[in-house]
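*Asks:* In my numbering, the protein residues as written are 136 to 551.
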RNA sequence: GUGGCCGUAGAUCAGUUGGUAGAUCACCGGAUUGUGGCUCCGGUUGUCGCGGGUUCAAGUCCCGUCGGUCACCCCA
């Protein structure tokens, strides 16, 4: 239908009936992260563009073509495409490392990427994420992965797959990239068009291409795990041991790479297998970024983090939306009764009872129908008769019963 | 960004070989002039996404556009 104005492509409204599901999910997330010692941090949605260019990295899709960037008073700004960069910036800017040796932050909110929208992928989407600063792992790495698995279980998302890999530290990552380019360059003609280009821009990404040509080409390519140094290997083995001890199922996927530059060492991804998700089945992803704090001007600080896509989590869960708009509906019959209804409603609310006054008039029948559709447990009927007698009629909708209650005892009667 | 599919009342959809629209749910009203969830009856709602074109005539064909969706890409 044609409207004078419509919403922006890829950006969705969440109507109240849907927000109820979001609240349920968010409460669960907050509870789980709280149990793991995380505290919420809130940072701005807009940052200086160079923050993302330097952290996420040039050559990544996010920076090259997906950011909502603009110039404000001659300064390049970007609406955040992901959460980690801003949190790290805040950590550095407030010198949090001088106040506590280890920081565990949780954040949640909208992110923006100018991709082509599809189910489970939107231009404004929401992520919940955690960051830990000051702990080199691998204990905390395993704990974080375990936390996500536990969270998903609590949300009722059962069929998930945990993939882990190690990219090695800064040195090995570069070394591996070189080695991979060396291996693939002679095969260049066999690669897909995209991957030919990636060979120079972002060779690691070729590893998780779905194109059969690329799959064939990388089949016997050197693995990161063959290249990482002893420290990296010890770190990765430590992670695996802890996950084993926790009995958290996982798969080592040497070809797992992720689209952001700042990752080092531990890398992980949790995928759903539900049919609702389609190709957008990455529910959460994260990894270690030991060099980023320093890169952004702070002291050398090991760090790890992850983010989960809330729209996708919601697709993977079956949380039903419970409709309950008010515990009590007041049905006044006529003008005088309506005035009294407002006063009674105020008294009930002061006592903590959610109340709605049906002010549209109409037949009593229609008003009671509405009480039903609101999910109210009780209704209060007031007409001239009740007003004259100084009572109201209190109906218990579930019990099909009703009784007159003296005006002064309404609050008590409703709450009992 | 590339390609495929789709776009009809608030929602889910039907609409026969082109002849200017229907069902169900929801909503409203009624079935004892003040009593609900079930049932029954009745009622409201659409510039058939938008803009062009073909035709005597288009929801139905063609083109464009916007939006959604699937795959790729990428990622949460």
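We put the CB at the ideal spot given by N, CA and C, even for glycine.
Determine, using beta carbons only, whether residue 162 and residue 243 come nearer to each other than 8 Å.
*Replies:* no
*Asks:* For residue 475, report the span of its alpha helix (DSSP H) as first-last.
*Replies:* 470–485
*Asks:* So, at 8 Å on beta carbons, what are the nonlocal neighbours of residue 272 in its own chain, with the 5 sequence-adjacent residues on each side left out?
*Replies:* 370, 373, 374, 400, 401, 423, 437 and 439
*Asks:* What distance in whole Å lies between the Cβ atoms of residue 407 and residue 294, which are believed to be in contact at a cut-off of 8 Å?
*Replies:* Indeed, because the Cβ distance is near 7 Å, the residues count as touching under 8 Å.
*Asks:* According to the neighbour-count rule (16 or more other Cβ atoms, all chains shown, within 10 Å of its Cβ), is residue 320 buried or exposed?
*Replies:* exposed
*Asks:* Whole-angstrom Cβ separation of residue 262 and residue 442, contact assumed at under 8 Å?
*Replies:* 4 Å
*Asks:* Using C-beta distances below 7 Å, list every residue in its chain close to residue 348, excluding the 5 sequence neighbours before and after it, in chain order.
*Replies:* 325, 326 and 327
*Asks:* Any idea what DSSP makes of residue 219, helix, strand or coil?
*Replies:* helix
*Asks:* Under the three-state reduction of DSSP, which class applies to residue 255: helix, strand or coil?
*Replies:* coil
*Asks:* Taking Cβ positions, are residue 226 and residue 428 nearer each other than 8 Å?
*Replies:* Cβ distance < 8 Å, so residue 226 and residue 428 count as in contact.
*Asks:* Let me make sure I understand the geometry here. Which of 363, 282, 548 and 150 has the alpha-carbon closest to that of residue 527?
*Replies:* 548
*Asks:* With DSSP as the reference, please indicate the residues paired to residue 417 in a beta bridge.
*Replies:* 406, per the DSSP bridge assignment.
*Asks:* In whole angstroms, give me the CA-to-CA distance for residue 345 and residue 318.
*Replies:* 19 Å
*Asks:* Using only the alpha-carbon positions, how far apart do residue 237 and residue 153 sit?
*Replies:* The straight-line gap from Cα to Cα measures roughly 37 Å.
*Asks:* Below 8 Å between beta carbons: does that hold for residue 224 and residue 173?
*Replies:* no
*Asks:* Which same chain residues, not among the five before or five after residue 146, have their C-beta less than 8 Å away from its C-beta?
*Replies:* 257, 258 and 259
*Asks:* For a test of the three-state rule: what should DSSP assign to residue 151, helix, strand or coil?
*Replies:* In the structure shown, residue 151 falls within a helical segment according to DSSP collapsed to helix, strand and coil.
*Asks:* For the stretch 504–517 and the stretch 527–540, state whether three or more C-beta atom pairs, one from each stretch, are separated by less than 8 Å.
*Replies:* With a cut-off of 8 Å on Cβ pairs, the stretch 504–517 is in contact with the stretch 527–540, counting three or more such pairs.
*Asks:* Could you say which of 342, 350, 351 and 365 lies nearest to residue 358 if we only look at CA atoms?
*Replies:* Looking at the Cα atoms, 342 is the closest of the given residues.
*Asks:* Between which residues of its own chain and residue 362 is the CB-CB distance below 8 Å, once the five residues before and five after are set aside?
*Replies:* If we look at residue 362 and ignore the five residues flanking it on each side, its Cβ neighbours are 303, 307, 310, 311 and 314.
*Asks:* Do you know whose CA, among 482, 517, 216 and 171, lies nearest residue 198's CA?
*Replies:* Checked all of 482, 517, 216 and 171; the closest Cα to residue 198 is 216.
*Asks:* Give me the Cα-Cα distance between residue 136 and residue 149, rounded to the nearest whole angstrom.
*Replies:* In this predicted model, residue 136 has a pLDDT of only 36, less than 50, meaning its place in the structure is not dependable; the value taken from the coordinates is given anyway. The straight-line gap from Cα to Cα measures roughly 20 Å.
*Asks:* Please report the distance separating the alpha-carbon of residue 444 from that of residue 250.
*Replies:* 15 Å
*Asks:* Taking just the CA atoms, how far does residue 519 sit from residue 550?
*Replies:* 24 Å
*Asks:* From residue 387 to residue 299, what distance separates their C-alpha atoms?
*Replies:* 5 Å
*Asks:* So, is residue 208 buried or exposed, given that buried needs 16 or more other C-beta atoms within 10 angstroms?
*Replies:* Its Cβ having fewer than 16 others within 10 Å, residue 208 is exposed.
*Asks:* Tell me which residue opens and which closes the beta strand (DSSP E) that residue 239 is part of.
*Replies:* 238–247
*Asks:* Within the same chain, show all residues whose beta-carbon is closer than 8 Å to that of residue 138, passing over the 5 residues directly before and after it, in chain order.
*Replies:* Low confidence applies here, because residue 138 scores a pLDDT of 44, under 50, leaving its location unreliable and the question unanswered by this model.
*Asks:* DSSP state of residue 397, grouped into three classes?
*Replies:* Residue 397 falls in the coil class under three-state DSSP.
*Asks:* Checking the sheet assignment: what are the DSSP bridge partners for residue 204?
*Replies:* 213
*Asks:* Looking at the structure shown, is residue 443 part of a helix, part of a strand, or coil, going by DSSP?
*Replies:* strand
*Asks:* Starting from residue 464, follow the alpha helix (DSSP H) in both directions and report where the run begins and ends.
*Replies:* Segment 463–467 is the beta strand (DSSP E) holding residue 464; no alpha helix (DSSP H) there.
*Asks:* Output needed for residue 231: all residues of its chain with C-beta closer than 6 Å, excluding positions within five of it in sequence on either side, in chain order.
*Replies:* 238
*Asks:* Check residue 305 in the structure and name its three-state DSSP category.
*Replies:* helix
*Asks:* Shortest alpha-carbon distance to residue 498 belongs to which of 467, 484, 187 and 523?
*Replies:* 467
*Asks:* Taking Cβ to Cβ, would you say residue 482 is nearer than 8 Å to residue 540?
*Replies:* Cβ distance not < 8 Å, so residue 482 and residue 540 don't count as in contact.
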